[in-house]
Amino acid sequence: MTTSSSRHPRPEDSFMYEEASLILALFTFGTMGQGILITIFGLSISTQSHSSTFGFIVAGFGFTLIITQYASTYRRNLFCLIVASGQLAFCSFLLFLLLMLGGFFVLLPLTISVTTLLLNLTWYASLIEQREFGILEESSQKITLREIFGAILVLALILGPASFFYR
Numbered sequence: 051m052t053t054s055s056s057r058h059p060r061p062e063d064s065f066m067y068e069e070a071s072l073i074l075a076l077f078t079f080g081t082m083g084q085g086i087l088i089t090i091f092g093l094s095i096s097t098q099s100h101s102s103t104f105g106f107i108v109a110g111f112g113f114t115l116i117i118t119q120y121a122s123t124y125r126r127n128l129f130c131l132i133v134a135s136g137q138l139a140f141c142s143f144l145l146f147l148l149l150m151l152g153g154f155f156v157l158l159p160l161t162i163s164v165t166t167l168l169l170n171l172t173w174y175a176s177l178i179e180q181r182e183f184g185i186l187e188e189s190s191q192k193i194t195l196r197e198i199f200g201a202i203l204v205l206a207l208i209l210g211p212a213s214f215f216y217r
């Protein structure tokens, strides 16, 4: 007698199934940290009445970077992977221009952005290969308690420093 699990093997049971590497996970957190700083910067710009629209656009860019990088790495979402990679390419370009102008303080964020972008490209190739073999399965739509706590932490890290600018 066969069980339902033997008729429908889980993707994790395949030798082609691949999890995100530890390096990608670490750089994902670095990228999320950059997204937090971009969001705080955008919110601080938005306190000025003449630049509030631009500030909210920058804050939205940073917040989108946080969400898409997380979803692409841990939820295996290809659309988010493409969006996050595009954002990282844009950030890398801007940071490279600042570096050329003599801003050596951007060396660490530039390194994080470029490295995460390259890791995202290899992760994309891996996910596409897994999709071709029929074993790519995006994580369930259910949000875990750990993700809820993580989202609250990210919001606290954004709103805590940003509240300083609104006083």
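Residue numbers (my numbering): 51 to 217. Glycine residues also receive a C-beta, built at the ideal position from the N, C-alpha and C atoms. None of these values were measured; they are calculated from a predicted model.
Suppose contacts are defined by Cβ-Cβ distances below 8 Å. Is residue 135 in contact with residue 167 by that definition? yes
How many whole angstroms separate the CB atoms of residue 145 and residue 160, which I take to be in contact at a CB cut-off of 8 Å? Contact between residue 145 and residue 160 holds, with the beta-carbon distance rounding to 4 Å and staying under 8 Å.
Element boundaries [alpha helix (DSSP H), containing residue 157]: 157 to 182
Would you mind sorting residue 52 into buried or exposed? The rule is 16 or more other CB atoms within 10 Å of its CB. A caution first: residue 52 carries a pLDDT of 46, below 50, which makes its placement in the model unreliable, though a value can still be read off. Exposed.
Near residue 130, which residues of its chain fall below 7 Å by C-beta distance, leaving aside the five closest residues on each side in sequence? 118, 121, 122
Mapping DSSP to helix, strand and coil, what is residue 196? helix
Could you tell me which of 158, 116, 137 sits nearest to residue 82, measuring between CA atoms? 116
Grab the span of the alpha helix (DSSP H) containing residue 88 for me, first residue to last. 72 to 95
With residue 152 as the anchor, note down where its alpha helix (DSSP H) starts and where it stops. Where residue 152 is concerned, there is no enclosing alpha helix (DSSP H), given that its DSSP letter is neither H nor E.
Closest to residue 181 by C-alpha separation, out of 126, 153, 199, 140, would be which residue? 126
For residue 124, report the span of its alpha helix (DSSP H) as first-last. 102 to 124
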